[in-house]
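FYI, the numbering for the first sequence is 41 to 541, going by the working numbering.
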Amino acid sequence: MSEELNQILRQRQQKAADLTDLGVNIYANDFKPAESVRDLLAMAEEVTDETEPGQGPTYTIAGRIIALRKFGKASFLHIQDESGRIQIYVKRDVVGDDAYAIFKKLDIGDIAGFGGALFRTNKGELTLQADLVKPLTKSLRPLPEKFHGLTDIETRYRQRYLDLIVNPEVRETFRKRVEIIRLIRDFLTNRGFMEVETPMMQAIAGGATAKPFKTHHNALGMDLYLRIAPELYLKRLLIGGFEKVFEINRNFRNEGLSTRHNPEFTMLEFYQAFADYHDLMDLTEEMISWIASEVTGSMVVNYQGAEVDLSPPWKRYTMDEALTEVAGIAAADLADPQRVMALAEKHQIKLETEAGPGKAKTELFELLVEEKLINPTFVTSYPTEVSPLARRNEENPEVTDRFELFITGREIANAFSELNDPVDQKKRLEKQIAERGADEEIFPELDEDFIRALEYGMPPAAGQGIGIDRLVMLLTDSPSIRDVILFPHLRPEKSAGNGSR
RNA sequence: GGGUCGUUAACUCAGUCGGUAGAGUAUCUGCCUUUUAAGCAGAGAGUCGUUGGUUCGAGCCCAACACGACCCA
Numbered sequence: 041m042s043e044e045l046n047q048i049l050r051q052r053q054q055k056a057a058d059l060t061d062l063g064v065n066i067y068a069n070d071f072k073p074a075e076s077v078r079d080l081l082a083m084a085e086e087v088t089d090e091t092e093p094g095q096g097p098t099y100t101i102a103g104r105i106i107a108l109r110k111f112g113k114a115s116f117l118h119i120q121d122e123s124g125r126i127q128i129y130v131k132r133d134v135v136g137d138d139a140y141a142i143f144k145k146l147d148i149g150d151i152a153g154f155g156g157a158l159f160r161t162n163k164g165e166l167t168l169q170a171d172l173v174k175p176l177t178k179s180l181r182p183l184p185e186k187f188h189g190l191t192d193i194e195t196r197y198r199q200r201y202l203d204l205i206v207n208p209e210v211r212e213t214f215r216k217r218v219e220i221i222r223l224i225r226d227f228l229t230n231r232g233f234m235e236v237e238t239p240m241m242q243a244i245a246g247g248a249t250a251k252p253f254k255t256h257h258n259a260l261g262m263d264l265y266l267r268i269a270p271e272l273y274l275k276r277l278l279i280g281g282f283e284k285v286f287e288i289n290r291n292f293r294n295e296g297l298s299t300r301h302n303p304e305f306t307m308l309e310f311y312q313a314f315a316d317y318h319d320l321m322d323l324t325e326e327m328i329s330w331i332a333s334e335v336t337g338s339m340v341v342n343y344q345g346a347e348v349d350l351s352p353p354w355k356r357y358t359m360d361e362a363l364t365e366v367a368g369i370a371a372a373d374l375a376d377p378q379r380v381m382a383l384a385e386k387h388q389i390k391l392e393t394e395a396g397p398g399k400a401k402t403e404l405f406e407l408l409v410e411e412k413l414i415n416p417t418f419v420t421s422y423p424t425e426v427s428p429l430a431r432r433n434e435e436n437p438e439v440t441d442r443f444e445l446f447i448t449g450r451e452i453a454n455a456f457s458e459l460n461d462p463v464d465q466k467k468r469l470e471k472q473i474a475e476r477g478a479d480e481e482i483f484p485e486l487d488e489d490f491i492r493a494l495e496y497g498m499p500p501a502a503g504q505g506i507g508i509d510r511l512v513m514l515l516t517d518s519p520s521i522r523d524v525i526l527f528p529h530l531r532p533e534k535s536a537g538n539g540s541r
């Protein structure tokens with residue numbers, strides 16, 4: 041359907057022209073509301089059934105018309121601003137014939153300002169009786185239906201502005217997201233952490249194992265990569281003498297999309313000198329349970345029908361314990377590298393030829409244990425083989441002083457006591473690169489400057505990453521990561537503009 | 001990358017066996033000064049995702065493609 045043939049759009053444009061003919065600026069910006077809807081709702085107690093319409097103090101508010109019931113010579117409407125919605129009563133006798141003629145050209149979706157006093161209707165609803173009507177912005181497109189609203193998922197993601205206008209719970213989710221991030225800042229700042237910004241564009245995409253996005257700097261004539269992690273830069277700051285640093289920002293990974301993955305996602309990473317991974321488990325427990333109670337009012341949250349208890353202390357397993365207790369694998373099998381490899385084969389896990397028992401064990405864990413960890417669970421003692429940046433355990437160098445945190449079967453955080461031995465670090469990164477084979481996820485270049493920095497001496501430290509999007513999903517009961525990202529990635533639609541699907 | 005499901009009016013959805021494209025909301029017209037999913041009466045509104053095929057005839061059957069959702073890798 042072409043634009044000019046669409047009846048509704050045509051009618052709206054006609055009304056806009058009619059308003060212009062009546063001398064109305066349909067995109068005026070000369071009305072400053074003195075109150076918000078919230079301010080008016082706060083007056084509720086002062087307004088009784090006996091309050092005479094048109095009497096009492098007057099207020100001015102502005103917002104979008106979201107419901108409209110017109111009679112011949114009077115109308116009721118609801119407007120919505122950022123703080124809420126309130127009913128407005130417009131009477132021709134009160135505003136006058138000319139203003140009422142203008143008012144009658146307004147539609148659901150238009151933005152307007154109103155002034156007047158509060159009263160209560162026969163049904164007791166707090167209502168502003170307008171003595172002033174000021175059109176502010178003409179809407180040329182109809183809003184989605186009032187009763188069923190907007191439910192089409194694709195339209196909700198592509199036209200998030202519409203989703204936000206008509207679905208209050210969506211606004212609430214994104215308010216909570218902002219609140220969660222603010223609370224994280226408060227929590228860490230209050231503990232002496234310093235928020236920093238490190239490069240999003242990096243010449244060598246390090247700090248994680250993932251495929252990067254590639255871009256190009258024209259003036260320097262060089263390729264750059266969007267970062268897959270800020271880790272190696274934050275560690276440079278530890279070396280520089282900042283002892284507690286954190287960064288909340290986007291990481292980019294050139295991989296598939298799912299309900300748990302978006303190509304750009306928000307990550308908190310923080311590093312603390314003279315701390316180890318046990319300190320970070322304590323801190324994480326405290327931080328996430330506190331945020332949950334601040335945001336949801338409780339440490340017990342409901343996620344997609346499952347009850348999740350975030351009150352500390354949280355369960356702590358080594359990976360072997362988790363495999364034994366959750367997946368029922370005998371401890372003796374886990375102690376024997378050959379039996380571990382056999383178990384992996386039995387579960388049809390495909391491994392690279394270079395992969396050893398550490399990798400096999402981790403794959404078994406992901407397959408058999410991960411999704412069963414509903415309540416928060418720290419899993420420690422990750423194999424050194426799969427942890428190239430983590431410090432080896434003093435008693436058992438085959439594993440690292442590392443943990444991952446799982447809630448509702450999903451990885452929420454990853455942390456470790458940092459490896460600060462430049463010789464071991466260089467060896468492990470070189471080994472990873474040498475063995476990468478066809479694995480494009482491993483960046484083929486060693487970050488020599490990072491090794492050089494380590495050679496100056498990095499204080500013993502622990503560091504952690506927390507996936508903010510997944511944390512927000514948990515605390516807002518959202519089933520998909522796209523529900524907590526304002527503008528999630530979608531393929532371009534063929535033609536925007538006429539609401540086509 | 002594979003599988004399943006979906007795409008019909010601005011929105012939410014029906015559409016039987018292949019035989020004239022339907023409803024509610026929204027919109028328009030008339031009446032209506034305390035309504036709130038306002039009401040009553042009437043009207044208009046469609047490239048049935050796209051392209052091809054089968055057929056006398058396709059929203060419906062077949063194929064490819066596009067976009068999306070979910071599951072799997």
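The C-beta atom is built at its ideal place from N, Cα and C for all residues, glycine as well.
{"Query": "I need the boundaries of the beta strand (DSSP E) containing Ala313, first residue and last residue.", "Result": "304-313"}
{"Query": "Would you list the one or two residues that DSSP bridges to Pro428?", "Result": "Per DSSP, none; premise fails for Pro428."}
{"Query": "Do the CB positions of Pro182 and Ile66 come within less than 7 Å of each other?", "Result": "no"}
{"Query": "Is the beta carbon of Leu408 less than 7 Å from the beta carbon of Ala346?", "Result": "no"}
{"Query": "Kindly give me the distance between the Cβ atoms of Tyr265 and Phe253, rounded to whole angstroms, as I take these residues to be in contact under 8 Å.", "Result": "7 Å"}
{"Query": "List the whole-angstrom C-beta distance separating Ile369 from Leu383, where the pair is believed to meet the contact cut-off of C-beta under 8 Å.", "Result": "7 Å"}
{"Query": "Is it the case that the Cβ atoms of Ala245 and Ile220 are separated by a distance below 7 Å?", "Result": "no"}
{"Query": "Start and end of the beta strand (DSSP E) containing Asp360?", "Result": "Per DSSP, Asp360 belongs to no beta strand (DSSP E); it is in the alpha helix (DSSP H), 359-365."}
{"Query": "How long is the line joining the alpha carbons of Thr424 and Met234, rounded to whole angstroms?", "Result": "30 Å"}
{"Query": "Would Pro239 and Val206 be called neighbours here (beta carbons separated by less than 7 Å)?", "Result": "no"}
{"Query": "Helix, strand or coil for Gln47? Go by DSSP, reduced to three states.", "Result": "helix"}
{"Query": "Using 10 angstroms around the beta-carbon of Glu271, count the other beta-carbons present and answer buried if the total reaches 16, otherwise exposed.", "Result": "buried"}
{"Query": "Return the chain-ordered list of same chain residues with a C-beta closer than 6 Å to the C-beta of Glu488, the five sequence neighbours on each side being excluded.", "Result": "none"}
{"Query": "Can you name, in chain order, every residue of its own chain whose Cβ lies under 6 Å from the Cβ of Asp316, other than the five neighbours on each side?", "Result": "Ser457, Ala502"}
{"Query": "Figure out for me which residue from Pro208, Asn230, Leu223, Leu277 has the closest Cα to the Cα of Val236.", "Result": "Leu277"}
{"Query": "Report the three-state DSSP secondary structure of Ile506 (helix, strand or coil).", "Result": "strand"}
{"Query": "Verify whether the separation of the beta carbon atoms of Met498 and Ile279 is less than 7 Å.", "Result": "yes"}
{"Query": "For Leu459, I'd like the list of residues in its chain whose CB is within less than 7 Å of its CB, leaving aside the five on either flank, ordered along the chain.", "Result": "Leu429, Ala430, Arg431, Gln465"}
{"Query": "Which residue marks the beginning of the beta strand (DSSP E) containing Phe154, and which one marks its end?", "Result": "151-160"}
{"Query": "In whole angstroms, what separates the C-alpha of Gln51 from that of Thr88?", "Result": "41 Å"}
{"Query": "Spatial neighbours of Arg541 within its chain, please: CB distance less than 6 Å, with the 5 preceding and 5 following residues excluded, ordered by chain position.", "Result": "Confidence at Arg541 is low in this model, with a pLDDT of 29, below 50, so its placement is unreliable and the value that follows should be read with caution. Taken in chain order, the list of residues that qualify is empty."}
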